[in-house]
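Before any comments, here is the structure.
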Amino acid sequence: MAQDIMNKSAEKKSASRRTLLPLLLALLPVVLIVLYYILNYRIQIMDWVLTNISLPYRASAAQVTSFGPFQYFSLAEAIITLLILWVLYFIVKTIIIFMRHSHRLLYLVRRIYIIAVIVLYIVASFSWIWGTGYHSTNFAEKTGLDSSGITVSQLTDVTKLFAEKVNELSTQVKRDADNHFIEDRQNYFTLGKDLYANIEKEFPELGGESYPSKPMIYSKLMSACGFSGVYIALTGETNINIDAPACFMPATIAHEMAHQRGINSEEEANFAAIAACITSNIPVYEYSGYLLGLTYLVDTLGKADSYACRQITSTFNAYVIQDWNDNSDYCINHETPAAETAMSLYDGYLKSNDIASGVNSYGACVDMLVSWLAKSS
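Heads up, the sequence shown is in our numbering, so the first residue is 2 and it goes up one at a time.
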């Protein structure tokens, strides 16, 4: 009798532990997510987390994913692929067993719970490793780079400068018989290692170790979604869409490297990329950086002074016009519902992190460029 009571007591304790452990596993990411949203308005705390946790983790992850065979492929792509395959397998298996299981509702709840816990851990990790950068002191504040008070005259002068540089540098990159940009891709992926060496002397905030950027296997899918590259903070990798126009690819590498160096904001990453490219003394990067900057400058100047803008664009040589048209054709060909949906989701994500202008923030780097170059001159 006493033995039976002891056995039942042990079974109850074991059952309690089996119930408590799953709850604790789910509670941890929930607590982390709640803390993130409570604390992300306190810049000093976010600065500390970014400096002491987020950036060291990203750097360590980048070292691992750049070591040995990992440097030749995107580990993030591999993990995402395996995760998608596992989820599909999990769903199919759930349906099959659900049809046969005697306690269907309980079984289904358990399976949904597993997926929910995995999602919670991903969200919690992403929030603290990447999201902290949206709520810490930004690059403009750290450098004192004032982007206010830009005049149309200054904008016109900088646009002229970029047009002159683009015309000059367009003759220094490899082209085919039809004037298309055909620089060896592996060459500028390799040259990217020293890309930030000069600009970090002026802006120490852009300093840091350089890690290899990685061409994406799913580049066609990235094009369909409207992305030229993506930085995955959880693996520390800069992933590049090699289906996008080649003339902009070096600047895209520079942009994703800016994220790798702690710049979250898209507008600031664009500024950092252009600044790094045009000061790199690497012709293919200089050209790509000036060309990217010129697209933003022309778009902005066209709204402020269309006559001045037309005068400048009329000076483009045949090489620049070809690259400009290649990019326009690419953008038009990829204006799809998938791209609109992806941009809408990304816009919502940026706004949820207090980036009020959402994806429109990309164009704001013009003010920073003009302010920086006007100050330099």
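All C-beta atoms in this analysis are idealised placements derived from N, C-alpha and C, irrespective of residue type, glycine included.
Please report how far the alpha carbon of residue i lies from the alpha carbon of residue j, in whole angstroms.
i    : j    : result
T301 : V367 : 8 Å
A339 : C248 : 24 Å
G193 : H102 : 56 Å
L222 : T152 : 40 Å
L56  : A63  : 10 Å
E245 : S266 : A small fix is needed here, since residue 245 is Ala in this sequence, not Glu. So the two alpha carbons sit approximately 22 Å from each other.
V120 : D348 : 21 Å
E206 : E142 : 11 Å
L84  : V93  : 14 Å
M258 : L29  : 32 Å
Q237 : V371 : The sequence as given places Gly at residue 237; Gln does not occur at that position. Their backbone Cα atoms lie some 31 Å apart in a straight line.
S329 : L235 : 33 Å
Y189 : I34  : 39 Å
G209 : L106 : 52 Å
N318 : V167 : 9 Å
I130 : N326 : 39 Å
H181 : M369 : 30 Å
E201 : D195 : 11 Å
Y350 : I322 : 35 Å
F99  : Y108 : 7 Å
N199 : A255 : 13 Å
R43  : T138 : 10 Å
S61  : C310 : 46 Å
A365 : R111 : 47 Å
I123 : I333 : 34 Å
N242 : N354 : 25 Å
V65  : F91  : 29 Å
L89  : N53  : 37 Å
P70  : H104 : 46 Å
I97  : E341 : 35 Å
T337 : L86  : 25 Å
Is the beta carbon of residue j closer than 7 Å to that of residue i?
i    : j    : result
S281 : P251 : no
A305 : Q155 : no
C226 : A77  : no
L51  : G145 : no
L293 : I275 : yes
S67  : Y212 : yes
E269 : F127 : no
T160 : I279 : no
T191 : S229 : no
F163 : L298 : yes
Give me whichever residues DSSP pairs with residue i in a beta bridge.
i    : result
E238 : I233
R176 : F182
K215 : N240
With a threshold of 6 Å on Cβ separation, who are the neighbours of residue i within its own chain once the five nearest residues in sequence on each side are excluded?
i    : result
L40  : I46
I81  : none
A125 : P30, L33 and I34
T95  : R112
G303 : C310
Counting only the same chain and skipping the five closest in sequence on each side, list residues whose C-beta sits under 8 Å from that of residue i.
i    : result
I183 : K175, R176, D177 and A247
W373 : L146, F272 and A276
Q261 : R59, A63, G209, Y212, Y232, G237 and T239
F74  : K215 and I218
D48  : S137 and T138
A11  : Interpretation of A11 is limited by its pLDDT of 48, a score under 50 that renders its predicted location unreliable; the figure taken from the coordinates is listed afterwards. Hits under 8 Å: none found.
M7   : In this prediction, M7 scores a pLDDT of 49, lower than 50, which makes its location untrustworthy; the coordinate-derived value is nonetheless stated afterwards. None.
With distance defined between alpha-carbon atoms, name the residue in the options nearest to residue i.
i    : options                   : result
R186 : L170, L162, K215 and S171 : K215
T157 : S307, F317, F71 and I81   : S307
A79  : N265, N240, C310 and A365 : N240
L24  : D179, V118 and W49        : V118
A27  : I113, N139, C278 and L51  : I113
T172 : W373, L22, Y320 and S345  : Y320
E165 : M100, T316 and I54        : T316
H335 : S220, W49, I97 and L86    : S220
L22  : Y42, I54, I115 and T95    : I115
I264 : R311, S224, Y90 and F204  : F204
D179 : N354, T95, D324 and D48   : D324
Y331 : G303, S224 and L89        : S224
Taking 7 Å as the limit between beta carbons, can you name the residues of its chain near residue i, skipping five residues before and five after?
i    : result
L170 : P284, E287, Y288 and Y291
Y37  : S128, W129 and G132
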